[in-house]
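In our numbering, the protein residues as written are 1470 to 1677. Idealized CB from N, CA, C, for every residue including glycine. These notes concern the structure reproduced below.
Structure (structure tokens):
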């Protein structure tokens, strides 16, 4: 049986001990439920009297203008379409817990990242980082190895991801053809790549 959010929160707190900053990674394919789990875990930690903040990797999407110039807009979300160096810099700064760090947040309705949209304070003890490539073993993403204190991998079956992704893109009023292209030409191939090239996680959940 998979652990509950409350059980994971308890395990995270036990692992953290008395440290000032504890970094949790929640990784997985598009549609795996990373954002929802990150918010729920942060809420569970706050309910226990802890301070927690969520840091989404999606804020580091390259701007559409850059992707258009590089011919990559249709594949937005593949590893090469993120500002990996910028993400690594922010993660390292956040890990030090010695200063306020402003982070970008992605607005999916407008398909753009908003700079300095969220504050990570030195007083935030638990940082829940969520994103596709946090446990990815290829390219510069591999530099994240050892950065996080606790790793969670969400790995639902492909058919579950497919259903969720269809619901996501239909929710943005895309045509069937547009939604199909998003699901089958981008999101699911990305998901298979992530699942095939991942580091060990402290806990792996098939349904999130």
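task: Determine, using beta carbons only, whether residue 1498 and residue 1664 come nearer to each other than 8 Å.
output: yes
- request: Would you mind giving the Cβ-Cβ distance between residue 1607 and residue 1666, rounded to the nearest angstrom? I have them listed as a contact below 8 Å.
  value: 5 Å
task: Give every residue of the same chain whose Cβ lies closer than 6 Å to the Cβ of residue 1582, excluding the five residues on either side of it in the sequence, and list them in chain order.
output: 1528, 1530, 1573 and 1575
Residue closest to residue 1652, alpha-carbon to alpha-carbon, out of 1545, 1564, 1475 and 1493: 1545
query: Which residues in the same chain have their Cβ closer than 8 Å to the Cβ of residue 1599, if we skip the five residues on either side of it in sequence?
result: 1494, 1495, 1496, 1503, 1504, 1506, 1507, 1523, 1524, 1525 and 1526
- prompt: Using DSSP with H/G/I as helix, E/B as strand and the rest coil, what is residue 1505?
  reply: helix
Among 1538, 1569, 1595 and 1592, the one whose alpha carbon lies nearest that of residue 1586: 1569
message: Can you look up residue 1603 in the DSSP assignment and give me helix, strand or coil?
response: coil
For residue 1605 and residue 1614, the rounded distance between their alpha carbons: 9 Å
- prompt: For residue 1553, which residues from the same chain have a beta carbon less than 6 Å from its beta carbon, with the 5 sequence-adjacent residues on both sides left out?
  reply: 1609
- prompt: Quick one: what does DSSP say residue 1527 is sitting in, helix, strand or coil?
  reply: helix
- prompt: Do you know offhand how far residue 1611's Cα is from residue 1668's?
  reply: 9 Å
query: In terms of DSSP beta bridges, what is residue 1620 paired with?
result: 1494
- prompt: Leaving out the 5 sequence neighbours to the left and right, which residues in its chain are closer than 6 Å to residue 1671 when beta-carbon positions are compared?
  reply: 1619 and 1620
- prompt: Is the Cβ-Cβ distance between residue 1482 and residue 1517 less than 8 Å?
  reply: yes
message: Does residue 1473 come out as helix, strand or coil in the three-state DSSP assignment?
response: coil
- request: Go through its chain and collect everything with a Cβ distance to residue 1566's Cβ below 7 Å, but skip five positions before and after it.
  value: 1489, 1490 and 1591
message: So the candidates are 1594, 1515 and 1472; which of them puts its Cα closest to the Cα of residue 1486?
response: 1594
Endpoints, the beta strand (DSSP E) within which residue 1583 is located: 1581-1589
- prompt: If you run the structure through DSSP and keep just helix, strand and coil, what is residue 1626?
  reply: coil
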